[in-house]
Amino acid sequence: MKNSIALILFAIFFVIGCQKETKKEDIVMVNENTTQEVINQISTKYPEIDKAKIEKGVKQVAQFWRSEDGSIDDFKNFCIDNFIADEKILNETFLKLQKNFELINGYMIELNRDLSIPLHLDTGPLLPIDYMFGEFSPSVHLLDDLFKTKIAFVVLLNFPLTTLEERMEKGKLWSREEWAKVRLAQTFSKRVPAEANQKVTEAYNRAENYISSYNIFMHNVLDENGNKLFPDGKILLSHWNLRDELKAQYANPEGLPRQELIQLVMEKIITQEIPKLAINNPDILWTPSKNTITPKSPDKSNENLDNSPEPNTRYEMWMNVFKAQQEIDKYYPHLPTHMDRKFKEEREIPEEQFEELLKSILTSNEVKEIGKLIEKRLGRKLKPFDIWYNGFKPTSKYPEEELDKIVQKKYPNVEAFKNDLPNILKKLGFSKENSEFIASKIEVDPARGSGHAMAAGRLVDKAHLRTRVPKGGMNYKGYNIAMHELGHNVEQVLSFNKIDYTLLRGVPNTAFTEGFAFVFQSRDLEILGIKDDSKEKEHLEALNSLWQTYEIAGVALVDMYAWRWLYKNPNATPQQFKEAVIAIAKDVWNKYYAPVFGINDVILLAIYSHMINSGLYTPDYPLGHIIAFQIEQYLKKANLAAEMERMCKLGSITPNLWMELAVGEPISTKPMLEAASKALEIVR
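Reminder that position 576 of the sequence shown reads as 615 in the working numbering, one-by-one numbering, no gaps.
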């Protein structure tokens with residue numbers, strides 16, 4: 040996730056609490072006459088100060104001043120007494136604010152992370168109290184307290200708020216300090232009551248808990264003839280492990296029936312026809328083609344077995360997140376929807392511009408030609424699940440069982456992977472000193488879910504890498520995910536510990552950290568000592584990058600269009616929303632995939648669990664692929680370690696400016712399409 044101070048606070052504020060929600064009548068509407076009177080008084084007091092600066096600061100305070108903050112006279116006195124005219128004092132105040140926010144936010148991040156350990160890590164069976172603490176945080180009133188103590192108003196009075204348009208147009212001319220001050224002020228560009236934030240936190244936590252335990256016991260899933268296709272112990276989390284297992288079967292000559300069975304399982308999840316008892320249940324045999332369940336133990340009767348489907352829980356969870364986000368819309372008059380906030384505030388890329396970026400991939404002639412090439416390589420017509428074809432990757436040459444053995448021997452437990460981090464980093468080009476420093480700032484934990492990365496809160500804190508490690512040792516899937524998360528962690532360490540202003544910590548948005556994560560993940564076999572020196576390697580990687588981006592670009596559109604539908608139909612039922620999502624998935628498929636696959640009305644694009652528990656996160660993936668490819672192309676001519684450190688130290692500035700400074704050009708799909716076009720000429 041984006042690690043700027045604004046998003047750190049954003050994450051912290053989404054926690055439970057209890058506070059009277061502010062009503063319209065509680066808000067003091069400081070009128071223009073009062074505002075102008077204060078501006079004139081401060082201008083008279085400090086005639087040497089640019090009046091425009093005074094005017095901006097006073098108006099920013101007036102915008103957020105409420106009756107609970109004091110009377111009109113209190114407002115006047117506050118502005119006159121707290122406007123900082125002395126540049127030396129202003130700079131000292133800025134530095135003190137930066138340091139104190141690092142401490143406050145850092146401690147809160149650490150505490151929230153620790154309280155969520157039972158939910159996030161594989162520490163044993165969960166108790167009801169674990170879920171309660173997972174939703175609890177003492178930081179619930181942090182934003183409110185910063186306004187009540189007038190700290191927020193000091194910032195708003197003395198540091199300017201900016202629009203996305205201003206940041207895009209003027210950002211090139213700003214100094215690093217000016218950028219840091221922009222991010223400082225941006226922290227207080229909204230004032231959302233704790234009660235509204237509570238609903239958001241509860242919705243996300245419940246969705247996360249629902250998704251993190253959505254396991255399918257594939258060794259208990261039968262084909263239409265009643266046969267088991269998967270070995271004992273094959274437990275797959277939806278959607279991540281289901282998708283990755285499907286990918287792994289391309290290396291298996293007998294893998295096609297398994298892939299078709301996984302596709303059917305995915306479809307049953309999307310349509311919610313999956314029997315409720317087939318979810319996270321080791322004691323049930325399930326036949327998706329007939330949608331019947333039977334006891335695994337032959338001595339148990341079928342008589343009292345409930346075969347009812349999951350009751351649209353998937354879509355109810357998604358809608359709960361939407362409704363919670365909708366509750367805070369009114370507190371963002373300049374960004375009135377969750378989509379506005381995700382694109383204009385978090386990603387800092389206009390939604391329309393982003394959509395056109397995706398369509399340039401989806402409608403390209405190159406993906407059509409890649410589809411033909413995949414058919415040729417598979418020796419059959421494309422099937423819908425071939426959106427996850429991974430035969431262009433070096434991993435496809437090695438059976439997953441072989442890779443599992445290599446990884447399990449090397450990393451029998453979490454500690455072994457943790458201890459090997461310095462060696463991994465050295466293999467990636469980092470110096471011995473930097474490798475040891477970065478590794479010392481990363482903790483590795485056994486994840487309950489598929490895995491994730493968490494940034495440090497304070498400079499003395501550590502980033503956390505979470506990955507799932509079975510009892511027999513880390514398998515290839517877990518290792519592959521761990522390499523992805525390591526990319527996040529290295530970015531998090533460098534963009535925090537090595538940056539000039541901690542207010543600029545992180546990268547422009549989540550897609551950029553995903554970009555680094557993809558770069559690390561693509562080197563997973565290389566780190567294991569498995570090299571592919573073939574002349575085709577670079578061209579195969581270009582084809583793989585475009586095909587992966589093609590797949591996830593459609594997922595992102597389904598996610599975006601589903602949120603648009605929700606805003607148009609806020610009172611819909613989960614059943615209606617399910618029908619809408621399925622229709623959207625079919626429409627996106629028919630427009631952008633049917634021309635390549637020759638098959639209509641496929642719904643697989645709606646399987647991603649991120650849609651349920653992460654609120655418009657999936658668009659970061661295609662953007663991450665695009666950015667990763669540009670970075671990768673640049674790094675081929677440079678040193679990964681040195682250039683990654685330089686790039687990470689650019690910090691949280693606008694995306695296109697970051698890219699221009701990092702690789703010399705704005706975000707573009709052109710390099711990816713050109714590389715794929717060249718690759719097609721050679722690989723055919």
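Every residue gets a Cβ at the ideal spot worked out from N, C-alpha and C, and that includes glycine.
Same chain, Cβ closer than 6 angstroms to residue i, five either side skipped, listed in chain order
i	result
K63	Unreliable placement is indicated for K63, whose pLDDT of 40 sits below 50; the coordinate value is still reported in the next sentence. Excluding positions up to five away in sequence, the list is empty.
A556	H523, G526, H527
A363	K238, V239, A242
I66	Residue placement at I66 cannot be trusted, given a pLDDT of 49 that sits under 50; the coordinates are not used to answer.
S43	Here the model assigns S43 a pLDDT of 43, short of 50, so the residue's position is not dependable and the matter cannot be decided.
Option nearest residue i by Cα separation, candidates the options
i	options	result
K407	F636, D161, S82, P177	F636
L316	N343, W602, L295	N343
Y249	D338, T693, G488	G488
V722	K415, A633, Y656	K415
G468	M683, E263, V594, E390	M683
K466	L158, N678, K220, A290	N678
E76	N548, I119, Q99, R105	I119
K398	N72, K709, Q80	K709
H649	G410, A601, R685, R222	A601
I426	H180, L181, E671, E590	E590
L396	A235, D184, G554, T588	T588
N264	S534, Q615, K329	K329
R603	L585, W586, I623	I623
M358	F114, D598, Q99	D598
T402	H278, Y354, A633	A633
E720	K607, D659, E575, A645	E575
I638	F424, E293, K448	F424
Spatial distance of residue i from residue j (CA atoms)
i	j	result
A124	G96	12 angstroms
N695	L596	21 angstroms
G109	N144	27 angstroms
E306	I642	7 angstroms
P232	Y371	12 angstroms
L158	Y170	7 angstroms
A495	E87	42 angstroms
P661	G410	18 angstroms
L185	S653	27 angstroms
M711	L585	7 angstroms
T226	K480	26 angstroms
V558	E149	28 angstroms
G511	G703	46 angstroms
I706	M686	15 angstroms
L542	S228	15 angstroms
T61	E234	Low local confidence applies: a pLDDT of 39 at T61 is under 50, so the model's placement there is unreliable, with the coordinate-based value given in what follows. Each residue's Cα considered, the two are about 9 angstroms apart.
Q302	F269	14 angstroms
E713	E405	9 angstroms
Q311	L142	45 angstroms
T162	A718	47 angstroms
N429	R282	11 angstroms
T188	T132	16 angstroms
E605	F616	Correcting the residue identity first, residue 605 is Leu in this sequence and not Glu. The alpha-carbon atoms of L605 and F616 are separated by roughly 8 angstroms.
Other residues of its chain near residue i: CB distance less than 7 angstroms, five sequence neighbours each side excluded
i	result
L689	W697, L700, A701
A478	L460, P461, L464
N519	Q560, D563
T612	none
K273	M257, H258
D539	R215
K211	L696
K98	T74
L136	V194, L223
I156	T162
Nearest-angstrom beta carbon gap, residue j and residue i [assumed within contact, 8 angstroms]
i	j	result
P314	N346	6 angstroms
K383	P389	7 angstroms
F456	M513	6 angstroms
R245	M356	7 angstroms
Test: residue i CB closer than 8 angstroms to a CB of chain C
i	result
T226	No chain C is present in this structure, which holds just one protein chain.
Close-in-space but distant-in-sequence residues of the same chain around residue i (CB under 8 angstroms, 5 per side omitted)
i	result
F114	V67, V69, T73, V77, V100, A101, W104, D108
L655	H377, M378, K381, D598, M599, W602
> So, do the stretch 324-343 and the stretch 190-203 have three or more beta carbon pairs nearer to each other than 8 angstroms?
Replying inline: Because the criterion of three Cβ pairs below 8 angstroms is not met, the stretch 324-343 and the stretch 190-203 do not touch.
> Between the stretch 436-451 and the stretch 486-501, do at least 3 Cβ pairs fall closer than 8 angstroms?
Replying inline: Pairwise C-beta distances place the stretch 436-451 out of contact with the stretch 486-501, as fewer than three of them are shorter than 8 angstroms.
> Is the stretch 413-433 close to the stretch 672-692, with three or more CB pairs under 8 angstroms?
Replying inline: Touching, no.
> Can at least three beta-carbon pairs, one atom from the stretch 612-631 and one from the stretch 583-598, be found at a separation below 8 angstroms?
Replying inline: Yes: at least three Cβ pairs fall under 8 angstroms.
> So does the stretch 496-507 actually touch the stretch 515-534, counting three or more Cβ pairs closer than 8 angstroms?
Replying inline: Because the criterion of three Cβ pairs below 8 angstroms is met, the stretch 496-507 and the stretch 515-534 touch.
> Do the stretch 580-588 and the stretch 655-674 meet, that is, are 3 or more Cβ pairs less than 8 angstroms apart?
Replying inline: Yes, since at least three Cβ pairs between the stretch 580-588 and the stretch 655-674 fall closer than 8 angstroms, the two stretches touch.
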